Structures are given as structure tokens and as C-alpha cells.
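Notes follow the structure.
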Amino acid sequence: MKNTKHYIRRRTASPVKLSGKAAYSYLELIIVLGVLGVTFSAFLLWQRGYVRGMRDVAAYYQEREAILNRIELLQADQAADFEGLRRYEINWRQKKIIWLGR
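Residue numbers (our numbering): 14 to 115.
Written out as C-alpha cells, the structure reads:
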């Protein structure tokens with residue numbers, strides 16, 4: 014009977030178990046922070062690749078726009094040979110060819 018009371022008293026008081034529980038919560042905190050760190054670093058790497066892909070897309074469209082502008086210039090040069098057309102002007106901002114028939 015004394016052994017049982019001692020065991021019950023030891024389990025209810027248990028400062029050792031409280032420190033063990035605190036160590037477990039610290040371990041859990043370290044694991045959670047590690048998982049969050051790995052997730053965030055994976056997100057940053059994905060975002061870097063996404064931004065690099067968007068830069069490639071922007072470069073592609075800039076090159077495409079330059080080619081289309083060259084084609085517009087060639088067409089304007091060819092159209093300037095027609096009768097009654099003396100001057101032409103290219104408006105770059107509105108992406109239109111404005112014909113001035115003066």
C-alpha cells in the first residue's frame with residue numbers, strides 16, 4: 014500500500030514529467046518551424062523560376078513587337094510609293110500608322 018501511495022503521489026507531483034512535456038513542446042516547435050522554413054524556401058525558389066519565366070515571356074514579346082514594327086516600316090515604305098501620298102508618320106504609342114496626304 015505504501016508503494017502505491019508513493020507511486021500515485023509521484024505521478025501527480027511529477028516535476029520531471031512537466032519538464033519532459035516542455036521539452037516535447039520545444040521539439041514540436043522546432044519541427045514546425047523547420048517545416049515552415051522548408052516550405053517558404055521552396056516558395057521562394059518557385060517564385061524565382063516564375064519571375065525568370067515571365068522575363069523570358071517579356072523578352073519574347075519585345076522581340077515580336079520589334080519584328081512587327083519593322084514589318085510596319087517596310088509596308089509604310091512600300092505604300093509611300095503610291096500616288097497622292099507625300100508623307101507618312103508612325104505613331105509609336107498608339108501602334109498605328111497615321112497617313113498624312115499633304
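Note that CB positions come from ideal geometry on N, CA and C, so glycine has one too.
In this text the structure is predicted, and so the values were computed from the model without any measurement.
Report the rounded CA-to-CA distance for residue i versus residue j, giving the unit in angstroms.
{"i": "L81", "j": "T52", "result": "43 Å"}
{"i": "L42", "j": "G50", "result": "12 Å"}
{"i": "G114", "j": "L57", "result": "Note that G114 scores a pLDDT of 49, beneath 50, so its modelled location is shaky; the value from the coordinates is reported in the next line. Cα-Cα distance, rounded: 56 Å."}
{"i": "R65", "j": "A55", "result": "15 Å"}
{"i": "M67", "j": "S38", "result": "43 Å"}
{"i": "E76", "j": "R83", "result": "11 Å"}
Which residues in the same chain have their Cβ closer than 6 Å to the Cβ of residue i, if we skip the five residues on either side of it in sequence?
{"i": "S27", "result": "Residue placement at S27 cannot be trusted, given a pLDDT of 48 that sits under 50; the coordinates are not used to answer."}
Determine the DSSP secondary structure at residue i, reduced to helix, strand or coil.
{"i": "F56", "result": "helix"}
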